[in-house]
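Some notes on the structure that comes next.
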Amino acid sequence: MTYRGRHRRRKKGRVLRGALSGTALALTAAATIITTSQAAGSDNPGPLKPLTSSSEIAKLRLHENLVPESTLDTLQSGMGGAVGVRDVLRSADRPMRDRAGCRAGESAALPVEPAATRAYCWDSEDATTQKWLPRSVTTSGDADNDGEWGADRVILAGWTHNDRKAGEPADDKGLARVAFIDANDPDDLRYRWVLLVAPLAGGKDFGAVRSHIGGMVWYQDKLIVTAKNGAAHDDALFVFDMNRILRAGVDSREIGKVDGGYAARGHQYVLPAIGSYRLAGGACSTRDDNARPCFASISLDRTSAPDSLVANEWFSPGRTEPARVWRYHFSTASDRTGLLARDARGRVDADEAYETEAVGLRGVLSHRPGGADEADWYTGHAPGGSGGHGTLWRQDESAAKAAQCGSGGTSYACWGQHTRSLSYWRETGELWTLTERAANKDGGWEPPAVPERVLYAVPLSAVDGSVQ
């Protein structure tokens, strides 16, 4: 399917909606807000600080690199042609459990305030695997205004190989795959894995894409994901074309061309990169906030003009440096669907940037309420170590606010446990995220695993209501 701007404004009673009866969970009462001047951990980080220095903005500049169409066509032809998103969904072989089927530890990872209205847990194998980690989420609500891709409602969840787990094969380091989740029936979500790859040898082969996939945006017909920090060629983002999903016909542990066809480490489908964005000034670094930032997470803002991709960097919760959040506008050219706006030299400049004193940011979202002159920035803080709820801050240039919970409303730690990227499904009004951990009881990546992974949604209106 080619993106045309587009398409079928079909509305169904069976689809995921924030007010769907029978699946919504009761929201807790709105919490009061305390605004302190402290600036670390779960203490109030205060307002965003605009970055206006040309030298600071220059550190955010990207350069676009696209794979030749001939290379992509060669690979696609050699693998028997492309398949569609619907083909992947119809082959979904792993069921998700609804909230009633989640284990106690999984349910405990949900936010305290505001409460999730929709929650799903993974197939038992993926719920407990320590080889893979869930990191990011995007939906067909990002892809198109009507919330659908063709006639389907889809959630994508990005998982990366757990490079912290001892004894893993060196070739597996940095592998990334995406769960294509059929979300047409909110009572029966199912998914299929697709491995991320990159064309080699002029399209006659492919190899693994190495990505921590901390953030992911499906916009129009493109999927943009964060690269592996410090990756070769200074790549910050990888770009994929959702019309070029390919089938790997050989079941093998190899990745790429093998005897009899193509293999993808046991995955039936692959999604080859069609390009990347690298930091124009060189590699990123997490040493301090004066270096070029590493992309920790990304999300889509459909309330900007034009639509934009927003990003954040990450420093560990024990650090004190302010983190940067920033945005790039998407191109409005008809022949550049889903790509960022660039100049004639292939350069992509940030259109807005801030510093935040919130630390340990795992996700960011920008959203401009109707008629507002200034966007709200939602920044998800995750505590270090095992256990403990995070904080979802709403920040602007004037203040930072978050829900409070606990006995007497004494804590900002009310968000989910070890949550990752954020995604706003505009049609349903829902904010989606997911939690990561399945470590053991001591927080180590050795069996037995304690599953705490859950994919969930909260109405953005409930988030706003909890901080007012």
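Count along the sequence shown starting at 1, add 579, and that's the number in the numbering used here. The beta carbon of each residue, even a glycine, is placed where N, CA and C say it ideally should be.
C-alpha distance - residue i paired with residue j, whole-angstrom precision
i: Arg871; j: Cys863; result: 5 Å
i: Arg697; j: Ser945; result: 22 Å
i: Lys591; j: Asp868; result: Residue confidence is low: Lys591 scores 35 on pLDDT, short of 50, so the model does not pin down where it sits. Its coordinate-derived value is still stated next. If I take the Cα positions, the gap works out to 47 Å.
i: Trp701; j: Thr998; result: 15 Å
i: Gly659; j: Leu825; result: 8 Å
i: Glu936; j: Arg947; result: 21 Å
i: Leu816; j: Ser986; result: 42 Å
i: Arg921; j: Leu651; result: 22 Å
i: Pro690; j: Asn822; result: 36 Å
i: Asp731; j: Gly720; result: 11 Å
i: Arg844; j: Ala1028; result: 23 Å
i: Thr615; j: Tyr991; result: Because Thr615 sits at a pLDDT of 29, beneath the cut-off of 50, its placement in the model cannot be relied upon, and the following sentence gives the value as read from the coordinates. About 11 Å.
i: Gly1008; j: Ser790; result: 29 Å
i: Thr916; j: Ser1002; result: 20 Å
i: Gly753; j: Ile792; result: 9 Å
i: Arg832; j: Ala842; result: 7 Å
i: Leu1039; j: Leu1010; result: 6 Å
i: Asn763; j: Val733; result: 7 Å
i: Ala603; j: Ile834; result: Residue placement at Ala603 is flagged as unreliable, the pLDDT there being 33, under the threshold of 50; a coordinate-derived value is accordingly withheld.
i: Thr911; j: Leu1013; result: 31 Å
i: Cys873; j: Thr899; result: 17 Å
i: Ser703; j: Leu668; result: 19 Å
i: Leu627; j: Tyr856; result: 26 Å
i: Pro748; j: Gly1044; result: 47 Å
i: Lys836; j: Asn741; result: 25 Å
i: Val1046; j: Thr653; result: 53 Å
i: Gly942; j: Ala981; result: 15 Å
i: Pro629; j: Thr970; result: 22 Å
i: Pro896; j: Ala902; result: 11 Å
i: Gln996; j: Gly840; result: 42 Å
i: Ala978; j: Thr958; result: 13 Å
i: Trp893; j: Ala929; result: 18 Å
i: Asn724; j: Arg1005; result: 8 Å
i: Val904; j: Thr805; result: 14 Å
i: Leu779; j: Glu648; result: 13 Å
i: Val1042; j: Leu775; result: 33 Å
i: Val818; j: Gly988; result: 43 Å
Backbone secondary structure at residue i - three-state DSSP
i: Arg789; result: strand
i: Gly959; result: strand
i: Thr708; result: coil
i: Gly942; result: strand
i: Glu635; result: helix
i: Leu630; result: coil
i: Gly737; result: strand
i: Val1042; result: helix
i: Gln799; result: coil
i: Gln655; result: helix
i: Asp677; result: strand
i: Ala722; result: helix
i: Thr865; result: coil
i: Ser1000; result: coil
i: Glu685; result: helix
i: Glu934; result: strand
i: Ala749; result: helix
i: Ser990; result: strand
i: Ser855; result: strand
i: Glu648; result: helix
Those residues which DSSP pairs with residue i across a bridge
i: Tyr1035; result: Ala698 and Thr1012
i: Val667; result: Beta-bridge pairing links Val667 to no other residue.
i: Ser715; result: Gly737
i: Ile834; result: Ala843
i: Ser887; result: Asp880 and His908
i: Thr805; result: Leu816
i: Tyr848; result: Val773 and Arg826
i: Ile760; result: Ile734 and Tyr770
i: Ala1018; result: DSSP lists no partner for Ala1018.
i: Arg973; result: Tyr957 and Lys980
i: Pro778; result: Phe785
i: Arg903; result: Glu934
i: Glu643; result: Tyr856
When the options are compared against residue i, the one with the closest alpha-carbon
i: Val716; options: Ile803, Arg678 and Leu654; result: Ile803
i: Val927; options: Phe909, Thr707 and Pro962; result: Phe909
i: Ala745; options: Trp1024, Leu775 and Leu1039; result: Trp1024
i: Lys883; options: Phe874, Glu953, Leu630 and Ala932; result: The sequence shown places Ser at residue 883, rather than the Lys named in the question. Closest by alpha carbon: Glu953.
i: Ala671; options: Glu727, Gly950 and His846; result: His846
i: Ala859; options: Asp800, Gly925, Ser913 and Glu1031; result: Gly925
i: Tyr798; options: Pro1030, Leu735 and Lys638; result: Leu735
i: Asp784; options: Val849, Gly794, Phe894 and Tyr1035; result: Val849
i: Arg665; options: Glu643, Tyr770, Ser1000 and Val776; result: Tyr770
i: Leu639; options: Tyr907, Ile877, Trp956 and Asp975; result: Tyr907
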